[in-house]
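J.: Note that this note's numbering numbers the sequence shown so that position 275 is 506, with each residue one more than the last.
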Amino acid sequence: MFAQKNNLFVIIPATLLCLALFFCCKKQKIEDQNEYSQSLKIVVGVSMPSTIMQRWQKDGASIKSQLETSGYAVDLQYAGENDVSLQINQIKTMISDKVNVLVITAIDGNSLTDVLKEAKNNNIPVIAYDRLIMSTDALSYYATFDNNKIGQLHGQFIADKLGLEVLKGPFYLEAITGPSNDNNTKFLFGGALSVLQPYIDRGTLVVNSKQLTISDCGIDKWLTGTARARMERLIQNNNYRPGGSKLDAVLCSNDTLALGAIEALKAAGWSPSSGFPVITGQDCDRETIRNLIEGYQGMSVFKDTRMLAAKTARMVDALIKGVTPEINDTITFYNGVSVVPAYLCEPLLITAENYREILIGSNYYKESDF
Numbered sequence: 232m233f234a235q236k237n238n239l240f241v242i243i244p245a246t247l248l249c250l251a252l253f254f255c256c257k258k259q260k261i262e263d264q265n266e267y268s269q270s271l272k273i274v275v276g277v278s279m280p281s282t283i284m285q286r287w288q289k290d291g292a293s294i295k296s297q298l299e300t301s302g303y304a305v306d307l308q309y310a311g312e313n314d315v316s317l318q319i320n321q322i323k324t325m326i327s328d329k330v331n332v333l334v335i336t337a338i339d340g341n342s343l344t345d346v347l348k349e350a351k352n353n354n355i356p357v358i359a360y361d362r363l364i365m366s367t368d369a370l371s372y373y374a375t376f377d378n379n380k381i382g383q384l385h386g387q388f389i390a391d392k393l394g395l396e397v398l399k400g401p402f403y404l405e406a407i408t409g410p411s412n413d414n415n416t417k418f419l420f421g422g423a424l425s426v427l428q429p430y431i432d433r434g435t436l437v438v439n440s441k442q443l444t445i446s447d448c449g450i451d452k453w454l455t456g457t458a459r460a461r462m463e464r465l466i467q468n469n470n471y472r473p474g475g476s477k478l479d480a481v482l483c484s485n486d487t488l489a490l491g492a493i494e495a496l497k498a499a500g501w502s503p504s505s506g507f508p509v510i511t512g513q514d515c516d517r518e519t520i521r522n523l524i525e526g527y528q529g530m531s532v533f534k535d536t537r538m539l540a541a542k543t544a545r546m547v548d549a550l551i552k553g554v555t556p557e558i559n560d561t562i563t564f565y566n567g568v569s570v571v572p573a574y575l576c577e578p579l580l581i582t583a584e585n586y587r588e589i590l591i592g593s594n595y596y597k598e599s600d601f
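1) Please specify which runs of the beta strand (DSSP E), each continuous and at least 3 residues long, are wholly inside the stretch 522-550, giving them in chain order.
2) By alpha-carbon positions, which one of 355, 294 and 302 ends up nearest to residue 323?
3) At a Cβ threshold of 7 Å, is residue 326 touching chain B?
4) Whole angstroms is fine: what's the gap from residue 338's alpha carbon to residue 415's?
5) Is the Cβ-Cβ distance between residue 286 and residue 514 less than 7 Å?
6) Quick one: using the 10 Å Cβ neighbour count with 16 as the cut-off for buried, is residue 556 buried or exposed?
7) Cβ of residue 583 within 7 Å of Cβ of residue 524?
8) Compute the beta-carbon to beta-carbon distance between residue 546 and residue 358, rounded to the nearest angstrom, for a pair I have assumed lies under 8 Å.
9) Buried or exposed for residue 581, going by 16 or more other Cβ atoms inside 10 Å?
10) Could you work out which residue in 592, 568, 571 and 543 is closest to residue 360 when comparing CA atoms only?
11) With DSSP collapsed to three states, give me the class of residue 284.
12) Where residue 476 and residue 497 are concerned, what is the direct C-alpha to C-alpha distance, given to the nearest angstrom?
13) Mapping the DSSP letters down to three states, classify residue 606 as helix, strand or coil.
14) Which residues in the same chain as residue 608 place their Cβ atom closer than 7 Å to its Cβ, once the five residues preceding and following it in sequence are excluded?
15) First and last residue of the alpha helix (DSSP H) that includes residue 603?
16) Checking 7 Å against the spacing of the C-beta atoms, do residue 540 and residue 283 come in under that value?
17) According to DSSP, simplified to helix, strand and coil, what is residue 365?
18) For residue 379, which residues in the same chain have their Cβ closer than 6 Å to its Cβ, ignoring the five residues on either side in sequence?
19) Determine the burial state of residue 276: buried for a count of at least 16 other Cβ atoms within 10 Å of its Cβ, exposed for fewer.
See the structure below:
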């Protein structure tokens, strides 16, 4: 009996030692597998133009979240305050780091030709996000909103608010749009003019400054300060003041431009009680919604970054898996080299009357944000 007990005392420690060694080896194996999985992790490089616009902060966060939910690692970079050279260097670094896919919102759609040659030489597919990249054959797909429709929403809102279809006028309009090196500008501005030009042609709508081309009205990098300076010049040159010359509407192609126009008009004495001009915009920044509520801006256009990010993430997933992603436009977007297949998301008109239903109802904002 004593010998059996001794044997038992020997067997138990030996068994425990074996179990300890087993679990230790298993733990090491799991760690090795995790390390191996990480080494094979697919990385998506995301290049955003700046952090100074709320729009791009939300886009960057949305696409990062969507891609990480799909199981991809994300290298998200912002190019300072629309610094083209910085964006090019960041993309070069991503290529050197051998990212698997590049998603790029270009600051200057014509500036990336050389760096994207490197991407193509390294077999890295490229998706243009919201802004078409020009003069390259390295572009695989384009994900955006229907910018021509956004422009039409701008034009139609002005036409409806002023009653251009039934009233003779004349009504007075000025315009502020984006830069010529952003391909979206021609769609936004062109879409608006497709609605407004007939009223201009018959004299119902008058542009006192005679400035109605992108070269006249375009604002480099969509900067609020530059838009304000343009509006100040228009006010001074045409005496646009309460009690002075009439100004019924300012066609602004996005909210940062609208903000600049609003600041200049307020400084010149305009207020909602004095008949503030109809102001258009897009992106639905927080400050824009406050301006809608207070009567300084007539409308904005909601481009749900979550929707665009989700479509882009699916494009990335399709490219990784070697299948064709969902697209809905194969004819519109010629970038100077080839027609780029695209997916266009639907924009929504936002006013003081419906912002709660659409923006708060969809959990894009909270009421406390305003």
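The beta carbon of each residue, even a glycine, is placed where N, CA and C say it ideally should be.
This structure is a prediction, so every number in the text was calculated from the model and none was measured.
T.: Once the coordinates are examined:
1) Counting only runs of at least 3 residues, the stretch 522-550 fully encloses the following beta strand (DSSP E) elements, listed from N- to C-terminal order: 531-533.
2) Within the sequence shown, residue 323 is the residue found at index 92, counting from 1. Taking only the C-alpha atoms, the option nearest residue 323 is 355.
3) The structure shown has no chain B; it contains just one protein chain.
4) Counting from 1 along the sequence shown, the entry for residue 338 is found at position 107. Counting from 1 along the sequence shown, the entry for residue 415 is found at position 184. Cα to Cα, residue 338 sits roughly 12 Å from residue 415.
5) Translated into the one-based positions of the sequence shown, residue 286 becomes position 55. Translated into the one-based positions of the sequence shown, residue 514 becomes position 283. For residue 286 and residue 514, yes; Cβs fall inside 7 Å.
6) For the purposes of this step, residue 556 is taken as the residue at position 325 of the sequence shown. Sixteen is the threshold: when 16 or more other Cβ atoms of the shown chains lie within 10 Å of the Cβ of residue 556, as they do, the residue is buried.
7) What you label residue 583 is simply residue 352 of the sequence shown in a count that begins at 1. What you label residue 524 is simply residue 293 of the sequence shown in a count that begins at 1. Yes, the Cβ-Cβ distance between residue 583 and residue 524 is below 7 Å.
8) For the purposes of this step, residue 546 is taken as the residue at position 315 of the sequence shown. For the purposes of this step, residue 358 is taken as the residue at position 127 of the sequence shown. Separation of the CB atoms of residue 546 and residue 358 is rounded to 6 Å, and the pair is thereby assigned contact status at 8 Å.
9) Working through the sequence shown from its first residue, we reach residue 581 at position 350. With 16 or more Cβ atoms within 10 Å of its Cβ, residue 581 is classed as buried.
10) Walking along the sequence shown from the start, residue 360 turns up at place 129. Checked all of 592, 568, 571 and 543; the closest Cα to residue 360 is 543.
11) Residue numbering aside, residue 284 sits at position 53 when the sequence shown is read from its first letter. For residue 284, the three-state secondary structure derived from DSSP is coil.
12) The sequence position of residue 476 within the sequence shown is 245, counting from 1. The sequence position of residue 497 within the sequence shown is 266, counting from 1. As the crow flies, the alpha-carbon of residue 476 is around 15 Å from that of residue 497.
13) This structure gives no information on residue 606, because the portion of the chain shown stretches from 232 to 601.
14) The shown model of the chain, from 232 to 601, leaves out residue 608, and the question about it has no answer.
15) This structure gives no information on residue 603, because the portion of the chain shown stretches from 232 to 601.
16) Here residue 540 refers to the residue found at position 309 of the sequence shown. Here residue 283 refers to the residue found at position 52 of the sequence shown. Between residue 540 and residue 283, the gap from beta carbon to beta carbon reaches 7 Å or more.
17) Locating residue 365 in the sequence shown gives position 134, counting from the first residue. Taken through DSSP and simplified to helix, strand or coil, residue 365 comes out as coil.
18) The residue labelled residue 379 in the question sits at position 148 within the sequence shown. Hits under 6 Å: 418 and 422.
19) The sequence position of residue 276 within the sequence shown is 45, counting from 1. Answer is buried; the Cβ neighbour count reaches 16.
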